[in-house]
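Per this note's numbering, residue 128 is the first one in the sequence shown, and the count goes up by one each step. Just so you know, even glycine gets a beta-carbon here, dropped at the ideal spot from N, CA and C. Report on the structure given below.
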Amino acid sequence: MKSIIENRSEDNTSCGCENPIEGLRHMFCDLVQKKRVEQGQCPVRRPVFLRTHGIIKGNITIQEDLPKDYKHGMFKKGGDFPVYVRYSSDLADGRPDWLSTIGIGIKVFGIPGEKKVSDDGADTADLLLQNVPFFFVDNASDMCNFTKASLEGWGDDWVQQHAPKTNELLDKMAKPIHSVLETQLWSVVPFMLGSDNYCKYILRPGTSTFAGEVDINDPDFMGKDLAARLAAGPVTLDILIQKRPDAAQYGEAYIEQHFPLDRATVVWDETVAVPLKVATIHLPQQNITIDEQEIYGDWLSFNIGRVPLENQPVGSVAEARMSVYQTSANYRREMNKQPVTEPKKPGKPVIKNPKCPFSGHSPSDKENPKELTDDQIKRITHVRIHPGIGIARVGDSPDGYYIGPEVFKPEPTKFGNTRDAGGAIKRQAARFRIYAYDKYGNVVGEVQQTKKSSVQWSVHLANKKAAWYQFNAALDIPATVSLSVPLRNADVKGDDRSALCVDTGKKSIMGIEMKDSSYVMSGEFEGTPVTLGELRTDAVGRLLVLPGFGVSASPSNQPVYRPADPDSFNNANGWYDDIADGPVYAKVTIGGVDYDADPAWVASAPPNFAPDLVGWRTMDDLLQNLYMEVGMLKVPQQISFNDHVRPILERLSELQWVNKGFLSMFGAGGPLNFKDTEFMRKLSYAPLDNSMYPDPYAELRRGIYNSFRPTNTKIAEVAAWPPIYGDAFGYTNPNPNVPPAPSTYLQLPPFYTYVLTNWVNGLFINDYNPDDKEPHKIEDVDLQKQPEMLDRTAMHYCLADAFHPGAELTWPMRNASMYRAPYRIREREEGLAEPNYGATLDNNSVMKVNGPLYGQAAGDLTRWMALPWQGDTAFCRSGYDFEYDPYLPTFWPARVPNQVLTEVDYNTLCDTKQPMEIRIAAFQNRPQWLRQLPLQNPAPEQMMYMIAHFGSMGILEAKPRPEDMDWLPENIYVENLTKAQQANLKSDHSMYEKAFSELGLYNRQLAEAGWISEEQRNEFVNIKRRGN
128 MKSIIENRSE
138 DNTSCGCENP
148 IEGLRHMFCD
158 LVQKKRVEQG
168 QCPVRRPVFL
178 RTHGIIKGNI
188 TIQEDLPKDY
198 KHGMFKKGGD
208 FPVYVRYSSD
218 LADGRPDWLS
228 TIGIGIKVFG
238 IPGEKKVSDD
248 GADTADLLLQ
258 NVPFFFVDNA
268 SDMCNFTKAS
278 LEGWGDDWVQ
288 QHAPKTNELL
298 DKMAKPIHSV
308 LETQLWSVVP
318 FMLGSDNYCK
328 YILRPGTSTF
338 AGEVDINDPD
348 FMGKDLAARL
358 AAGPVTLDIL
368 IQKRPDAAQY
378 GEAYIEQHFP
388 LDRATVVWDE
398 TVAVPLKVAT
408 IHLPQQNITI
418 DEQEIYGDWL
428 SFNIGRVPLE
438 NQPVGSVAEA
448 RMSVYQTSAN
458 YRREMNKQPV
468 TEPKKPGKPV
478 IKNPKCPFSG
488 HSPSDKENPK
498 ELTDDQIKRI
508 THVRIHPGIG
518 IARVGDSPDG
528 YYIGPEVFKP
538 EPTKFGNTRD
548 AGGAIKRQAA
558 RFRIYAYDKY
568 GNVVGEVQQT
578 KKSSVQWSVH
588 LANKKAAWYQ
598 FNAALDIPAT
608 VSLSVPLRNA
618 DVKGDDRSAL
628 CVDTGKKSIM
638 GIEMKDSSYV
648 MSGEFEGTPV
658 TLGELRTDAV
668 GRLLVLPGFG
678 VSASPSNQPV
688 YRPADPDSFN
698 NANGWYDDIA
708 DGPVYAKVTI
718 GGVDYDADPA
728 WVASAPPNFA
738 PDLVGWRTMD
748 DLLQNLYMEV
758 GMLKVPQQIS
768 FNDHVRPILE
778 RLSELQWVNK
788 GFLSMFGAGG
798 PLNFKDTEFM
808 RKLSYAPLDN
818 SMYPDPYAEL
828 RRGIYNSFRP
838 TNTKIAEVAA
848 WPPIYGDAFG
858 YTNPNPNVPP
868 APSTYLQLPP
878 FYTYVLTNWV
888 NGLFINDYNP
898 DDKEPHKIED
908 VDLQKQPEML
918 DRTAMHYCLA
928 DAFHPGAELT
938 WPMRNASMYR
948 APYRIREREE
958 GLAEPNYGAT
968 LDNNSVMKVN
978 GPLYGQAAGD
988 LTRWMALPWQ
998 GDTAFCRSGY
1008 DFEYDPYLPT
1018 FWPARVPNQV
1028 LTEVDYNTLC
1038 DTKQPMEIRI
1048 AAFQNRPQWL
1058 RQLPLQNPAP
1068 EQMMYMIAHF
1078 GSMGILEAKP
1088 RPEDMDWLPE
1098 NIYVENLTKA
1108 QQANLKSDHS
1118 MYEKAFSELG
1128 LYNRQLAEAG
1138 WISEEQRNEF
1148 VNIKRRGN
């Protein structure tokens, strides 16, 4: 039944339960079974008990010497009869075998006579049993109403009002079974036993050959165990009849109460009505993995009413099941173009599955697993997980998600794609793959879930923010050499501090398209349940790690920020959020050989409010620089304009969509538009050695290079490029006589200096080709380069600067001691406790060998980040130096935009009826992204607004440029708001424009920078700047 109620319908059920059987037939067959077909299911399968564990041939021996009052219907004559047995579970696709309801269908051949449900004259009879002796509701009316409520999304409410025990019974039906052949089953509903008696059926396991311990993490372990036992030897099963006691002996009232005929939740007491063995099923040793046998068994129709009239089922639940099962079986067979009548002989006729997809249905874009060849399998020596560090992103959508980017230039995010139908932000899932390598380090192929290979994934997540130290500034820079930071929640002492950590423990998943509540990754924060994410697999068995939902809260209702204590910013005592990280493992079996895959890591992060954009320096750039410095990677001896120089320049122009200062200088129509093809042709020109003229663009290159802030500058230069804050902004030496640190603003990273110096000197390859198309999906990348592309792309879409503390991950990532290999986090030895660093943490403690920058455990990467994350998102913005420039410098505009192009202004831009100057003015108009915050309220209230409403913040997504403006980029990035916020902000912006025109110069600068007053600006500055 859970396979039905977990398929919530978006449609109204459009029927009531005045006629329960009609209502159930509509819901089971029309709303579930047919809906699955519309969604691409082919062949058509059963609406319930659709997970087949095995189809087995055998025979049943009905005892000759049964008592007379048992010899009715199919038990009237003793002897041997052929049978087909189908073991199954009531599981929808995506759920593991563990904790499921087991069912058995037994088709007996050679049983003559009229049946309650026709056997088409084939002399067949069916027995259906399941591994609990009760049903979850009493009668068909309750079954209909509960099913209707569940499909409409209010099943729990119905249960509370009408049948409080239903959920408890459903939970009991999900039993921990290790083998179907060791499981007792019951018919649940009663049957007639002759004209004046009633009974229930029981199946008890007999003998079978143990074939080895099962792996309950394998989603198909029951089918594999069943196949292994039957391959090892024969099986017997005993059928028993539990006859209803005689009312003359016990009294009518007692019998009606304890042995009712239409209250299916009541279990008949086996000590009063003792079951009697009436038959034995013999299943000979056989191979049940043959496709033809499974196809035949899945074609068979099992119906509790297909029994002689003397054995017909009774009660309204039985009536409903007879009708629904017959309707669904007829639909299934008709759609599959298979015979709809009962088989006259076991194994006949030969059944074939239909050609998929069905006529009139679009071909499925579902990926099919690809098997490795035998030659490939022979070459494999080791396997690795990629990406080495995967990134998931929280969102407030309850169901919607998308896969994070896997190549540097995926297809642009179409307008509206990041939100679900209700406007909530979809979560970004991190996807992990297994690649096999040979002894030379060559990629053999991707390992997927097939008959020749299997992957069992394991993930351990934790959030340790509340138990770690406060974030004040990066502890590995000269400006903070004397900084010491205390513990968060310092008043929580000793062993009680462990309750501040949300730890899910390790959870495993295996199989194809697995999706189930059992894979949710949850822990507790001081007794409060916290969900950190969930595991799924895709159509070929790759791992998907979905993050939490962006929830931040204080169970003890403590303030998110205390203005009297500036250090409480990003360090809220008594708070948790659901950002997390931890290791990813895989046990891989290929061709019967087991491998432990080289592990990876996953971290969750805040939403990406500009999903197609990257920062001026990415985390991948930082890591490449780091690995070159320590010898893990080689420094390129030849500088490529396309690979090395072009990104440094073009990213300045790409930030035009998230900051008006970048737009004015580097954007479309600006003086230094590095996306302009002709301009870039000049910059990519490599001088010729034998030219009779000097290098024509040498001075142009030099002037651009000199505009950047030098790597080792001794002063804080606000006007140099890039106009981005550095790690020391917000913290400098508390001595007011010490000038701001040079790292207050972002300097050229050493590798960028190496690249640009060679470029200025003309020592580079001109490989610039604006028409080159980069791959939009990982399958378009050469196999040998796919693992590296996955590793780098995950980090490419993370920011490297400024680490205050950062958007996704922070400053520990630039320390080589964190890694055992490129993109591989150094994991702390299992069982080794982390040292106690004391009440405070400083530079000396951090940089020590085997300190917090060495072996890592779950939760250790994200513990350095802001708590809660939403406060940092609201405050890491531009406009702090508005006397210099209202828009620059800035923090993280590629993740947290500053100024954006609204949909209203985009529509004006595209309106060819408007004068060109109006259209251009609309393009240049960039309101503040944070404008929906209650800016007039104190800082803590703005943080609380972001915590409650981050899902309504704007997301920048692609729309096409106007056809008559080819000087604009092909994709225009426009703010996508929820419908409610779009209406609110349109009205607010009209009032703002009217008020803005009446402001003086100073207040205009304040407003342009996004401040509503000098007081608000100073409040934010005091929060961000804690030195001089």
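From the DSSP output, in three-state form, read off residue i for me.
| i | result |
| --- | --- |
| HIS184 | One point to set straight first is that residue 184 is Lys, not His, in the sequence displayed. DSSP places LYS184 in strand when its eight states are reduced to three. |
| GLU651 | strand |
| THR336 | coil |
| LEU308 | helix |
| TRP225 | coil |
| GLN1055 | strand |
| LYS479 | coil |
| ASN266 | coil |
| LEU662 | strand |
| ASN698 | strand |
| SER277 | helix |
| ASP1012 | coil |
| ARG546 | strand |
Along the chain, where does the beta strand (DSSP E) that runs through residue i open and close?
| i | result |
| --- | --- |
| CYS326 | 325-332 |
| ASN590 | 580-590 |
| ALA713 | 708-717 |
| ILE504 | Premise fails: ILE504 lies in the alpha helix (DSSP H), 501-506, not in any beta strand (DSSP E). |
| PRO877 | Segment 877-887 is the alpha helix (DSSP H) holding PRO877; no beta strand (DSSP E) there. |
Given this structure, state the Cα-to-Cα distance separating residue i from residue j, to the nearest angstrom.
| i | j | result |
| --- | --- | --- |
| LEU278 | LYS642 | 18 Å |
| GLU935 | TYR529 | 18 Å |
| GLY474 | ASN480 | 15 Å |
| PRO748 | ALA1107 | The sequence given here has Asp at residue 748, not Pro. Near 39 Å, if we compare the C-alpha coordinates of ALA1107 and ASP748. |
| PRO821 | VAL887 | 14 Å |
| GLU165 | LYS482 | 16 Å |
| ALA252 | THR179 | 20 Å |
| ASN893 | ALA813 | 6 Å |
| LEU177 | CYS271 | 20 Å |
| GLN420 | ASP373 | 44 Å |
| LEU790 | PRO866 | 31 Å |
| ASN590 | GLN453 | 51 Å |
| ALA355 | GLY206 | 29 Å |
| ALA727 | VAL720 | 21 Å |
| LEU988 | TYR596 | 13 Å |
Which partner residues does residue i have in the DSSP bridge list?
| i | result |
| --- | --- |
| TRP73 | Since the displayed the chain opens at 128 and closes at 1155, residue 73 lies outside it and no answer follows. |
| MET319 | TYR325 |
| ALA519 | SER731 |
| ALA563 | VAL510 and GLY572 |
| TRP848 | PHE835 |
| PRO1087 | ASN1098 |
| TYR214 | GLY181 and ILE231 |
| ALA557 | VAL672 |
Looking at the unbroken alpha helix (DSSP H) that takes in residue i, where does it start and where does it end?
| i | result |
| --- | --- |
| TRP728 | From DSSP, TRP728 is part of no alpha helix (DSSP H) but of the beta strand (DSSP E) over 727-732. |
| ILE368 | It is not in any alpha helix (DSSP H) - ILE368 instead sits in the beta strand (DSSP E) that spans 362-370. |
| ARG1131 | 1128-1135 |
| LEU1060 | First-last for LEU1060: undefined, no H or E at that position. |
| TYR377 | 374-377 |
Does the CB of residue i have a neighbour CB from chain B at under 8 Å?
| i | result |
| --- | --- |
| THR392 | The structure shown has no chain B; it contains just one protein chain. |
Exercise. Counting only runs that start and end within the segment 944-1009, where is the beta strand (DSSP E) found for 3 or more residues in a row?
Worked result: 946-948 and 967-969
Exercise. In chain order, which alpha helix (DSSP H) runs of at least 4 residues are fully inside the segment 379-453?
Worked result: 379-385 and 418-426
Exercise. At which residue ranges does the segment 743-828 contain complete alpha helix (DSSP H) runs of 4 or more residues, listed in the order of the chain?
Worked result: 746-756, 773-781, 787-793 and 804-810
Exercise. Unbroken alpha helix (DSSP H) runs of length 4 or more, entirely within the segment 900-944: which are they?
Worked result: 913-923
Exercise. In the segment 605-660, which residue ranges form an unbroken beta strand (DSSP E) of at least 3 residues, counting only runs that do not cross its ends?
Worked result: 611-613, 629-637 and 647-652
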